[in-house]
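> Residue numbers for the sequence shown, in our numbering: 802 to 995. Yeah, the Cβ is synthetic: ideal placement off N, Cα and C, and Gly gets one too. All figures in this text were calculated on a predicted structure; none of them were measured in a lab.
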Amino acid sequence: MSGATTLKIAKHGGNPILKAIGWLSAVCGVIAASMIVVAVAITCQMIWVRFVLNQSTIWQTEAVVYLMVGATMIGIPYVQRLRGHVNVDLIPMMLPRGLRKLLAMVTLTATIAIVCVMVVYGYELWHVAWSRGWTSDTVWAPKLWVPYLALPLGFGLFLLQLVADLIATHLDIEEPFGLEDGHDDEKPHLELGD
């Protein structure tokens, strides 16, 4: 059995910019959770209409899909703020603090570069859908720029949180990979000469 889990929230160290980015990520979490609640309510309404009233549904399935995808995208910065993404920290635990910080900086920089690409392509897809007036091929036919907006918005906010994490790690506001210095004494180190 596993022990109690502790919630690690990104630290801001009193820095107003990092604090504002953390607040924005928390707002994203509230919005994402609200979208999930609305999707569940629409699903319940759809079940009622379909199986109790014996009527057909037109917009519910598509709305639920768009809400869930939107909640996933908008929720990414909040999950990053809470350090909720999958993290395999075997190597960072074995490294001394200096190398651990270097690895964290390289990892965050590479992640920022990849997310920048996602923001650009997400924006491009959104802009094409908006400028060409794309609609879905269903009876409801909503304008696709609305759900596609979740891509550049979600990745853009995720990018902002990643940059805040990079700054916090660089300024020693936050420990690399969330590992405290006490791990240096408790865990074996990977020595370069081994």
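Sorted by chain position, which residues of the same chain lie with C-beta nearer than 8 angstroms to Q881's C-beta, five sequence neighbours on each side aside?
Closer than 8 angstroms at the Cβ level, and outside the excluded window around Q881, lie A811, S826, F959, Q962, L963, D966.
> Return the chain-ordered list of same chain residues with a C-beta closer than 7 angstroms to the C-beta of L926, the five sequence neighbours on each side being excluded.
Cβ neighbours of L926 beyond the five flanking positions: Y949, L952.
> Measure the alpha-carbon distance for R898 versus L972 and round it to whole angstroms.
Those two C-alpha atoms are separated by around 14 angstroms.
> Name the DSSP bridge partner or partners of K944?
Looking at the DSSP assignment, K944 forms a beta bridge with T936.
> If you follow the alpha helix (DSSP H) that V838 is part of, which residue opens it and which one closes it?
Its alpha helix (DSSP H) spans residues 817 to 848.
> If you reduce the DSSP assignment to three classes, tell me which class I858 lands in.
The sequence shown places Thr at residue 858, rather than the Ile named in the question. Reduced to three states, the DSSP call for T858 is coil.
> On the DSSP letters alone, give me the boundaries of the alpha helix (DSSP H) that H971 sits inside.
Looking at the DSSP string, the run of the alpha helix (DSSP H) that includes H971 is 951 to 971.
> Inspect the beta-carbon positions of N855 and F978 and report whether they are closer than 9 angstroms.
No.
> If you check the beta carbons only, do G876 and A942 fall under 9 angstroms apart?
In this structure, A942 does not lie closer than 9 angstroms to G876 by Cβ.
> Assign Y867 to one of two classes, buried (16 or more other C-beta atoms within 10 Å of its C-beta) or exposed (fewer than that).
It is buried - the Cβ of Y867 has at least 16 other Cβ atoms within 10 Å.
> My output table needs one value for M895: the three-state DSSP class, helix, strand or coil.
The answer is helix: DSSP assigns M895 an H, G or I state.
> When DSSP labels each residue in this structure, what does I974 get in the three-state scheme?
Of the three classes helix, strand and coil, the one that applies to I974 here is coil, per DSSP.
> Return the CA-CA distance between W931 and V947, expressed in angstroms with no decimal places.
C-alpha separation (whole angstroms): 8 angstroms.
> What is the rounded straight-line gap between the Cα of V916 and the Cα of F852?
Going by the C-alpha atoms only, they are around 43 angstroms apart.
> DSSP three-state call for I810: helix, strand or coil?
I810: coil per DSSP, three-state reduction.
> Assign R933 to buried or exposed, taking buried as 16 or more other Cβ atoms, counted over all protein chains shown, within 10 Å of its Cβ.
R933 comes out exposed.
> Secondary structure at H886, three-state DSSP: helix, strand or coil?
Here H886 sits in coil by DSSP.
> Reducing DSSP to helix, strand and coil, say where L980 ends up.
L980 falls in the coil class under three-state DSSP.
> Using 8 angstroms for Cβ pairs, my map puts A905 next to T970. What's the rounded Cβ distance?
Confirmed, about 5 angstroms.
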